[in-house]
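Structure record follows, encoded as structure tokens.
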Amino acid sequence: MPTEAEWEHACRAGTTGPRYGPLDEIAWYRGNSQERIHEVGGRRPNAWGLHDMLGNVWDWCWDVYDAEVYGTYRVLRGGGWFDEHWSCRASARRRSHPTFRVDDVGFRIARSLPPTVGPGLVR
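Residue numbers for the sequence shown follow my numbering, so the first one is 639 and each next one is one higher.
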């Protein structure tokens, strides 16, 4: 899973606003989802070709929310199909226990790029 910082960087895809496009074009949320989950790719991707970074399902992140207060609760990002428009933005976050299961929470597989060795060479 991506860290919270990696997730936000991927979601924004070089943009600086709360969303990478008009909400109805990029996300399934309470206002357009017919209160159900949708298949991935049904809305316009961000500039890096990533679909559903906002809306449809919240994404688990590697980070713990606040261990001193919430123990092992982890960060969720992006908003889901049942959320209001204001929850579907790049900076929105929520928390949940890793064993909690609900149909508006999912995950992405991510990997770190290897360090480079010299100009343009990858180890």
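The beta carbon of each residue, even a glycine, is placed where N, CA and C say it ideally should be.
Please report the residue range of the beta strand (DSSP E) in which residue i lies.
| i | result |
| --- | --- |
| C699 | W696 to V702 |
| L714 | R712 to R715 |
One question on the structure: do residue i and residue j come within less than 9 Å of each other, judged by their Cβ atoms?
| i | j | result |
| --- | --- | --- |
| V693 | W719 | It is Gly, not Val, that sits at residue 693 in the sequence shown. Their beta carbons are under 9 Å apart, which means G693 touches W719 by this criterion. |
| R715 | W700 | no |
Along the alpha helix (DSSP H) that carries residue i, what are the first and last residues, could you check?
| i | result |
| --- | --- |
| P650 | Before going on, a small fix: residue 650 reads as Arg here, not Pro. Counting along the chain, the alpha helix (DSSP H) containing R650 begins and ends at E642 to R650. |
| E706 | A705 to Y708 |
Give me the Cα-Cα distance between residue i and residue j, rounded to the nearest whole angstrom.
| i | j | result |
| --- | --- | --- |
| D721 | R733 | 14 Å |
| I664 | S750 | 26 Å |
| Q672 | A685 | 26 Å |
| G669 | V702 | 30 Å |
Taking C-alpha atoms, which residue in the options lies nearest to residue i?
| i | options | result |
| --- | --- | --- |
| S729 | L714, Y667, P656 and G652 | P656 |
| R739 | D662, Y711 and R727 | Y711 |
| R727 | T737, W645 and T641 | W645 |
Practice item. Tell me, please, whether the region 668-684 touches the region 702-710 by the rule of three or more beta-carbon pairs shorter than 8 Å. Key: Cβ pair count under 8 Å is below three, so no.
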